[in-house]
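full-length UniProt numbering applies: residue 1 is where the sequence shown begins, and numbers increase by one. For each residue, glycine too, the CB sits at the ideal point set by N, CA and C. Since this is a predicted model, take the numbers as computed values, not measurements. These notes concern the structure reproduced below.
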Amino acid sequence: MILALLLAAQTAAVPLQPASPPQRLSILASDCPKPTGEEITVCAPVAQPRLPLPAERGPPDHPVPSNPDLRPTTAMNQTAAPCASLQGGCQTGIDVLGGGTAAIRLIGKLIDPDSCCERPGESTSAGMLIGDMVGGIKRAFAKKPDKSNRVSVALDTPPPSTAGRLLP
């Protein structure tokens, strides 16, 4: 109800005026005298109208593409276009296994500084980590060579004589 009263008050306060037509301009207007009688007058503008050369043009007044030579069909081609021009954007993955492998290798480096990472890509390769783990398990259960420098004694020969020796 109040809204209807406000609308009625606004329309009553402003009298309607007919809109004036816009002023018409012509690019071919020139100072041409009006023809008189049977005479035909041909007028031309003061300067010959022509498009400016590329070097004479100023900065554009509208947005222009950054690469005007790129056609829309090549922009939509997913094999040739950069990933930023695609609707889905750049799709990348997260190397979860590589990050975990790097963390395990870091712990190994803290324990033994000469333990790993001599080969390229070894610090983040999960396959190389598994190979190193299998090799370590094999070395742990392998038969170890005797490194004590013991001399074997033949038991089938008679013992040396104890003559001239003091016995306890």
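Identify whether residue i lies in helix, strand or coil by the three-state DSSP scheme.
i, result
"E122", "coil"
"I94", "coil"
"D112", "coil"
"E38", "coil"
"L3", "helix"
"P54", "helix"
"L129", "helix"
"A163", "coil"
"T101", "helix"
"A140", "helix"
"V153", "coil"
"V134", "helix"
Considering only the beta carbon of each residue, do residue i and residue j sit closer than 7 Å?
i, j, result
"A142", "T101", "no"
"T124", "G98", "yes"
"R105", "C116", "yes"
Using alpha carbons as the reference points, say which of the options lies closest to residue i.
i, options, result
"I107", "P145, L129, R119 and D95", "L129"
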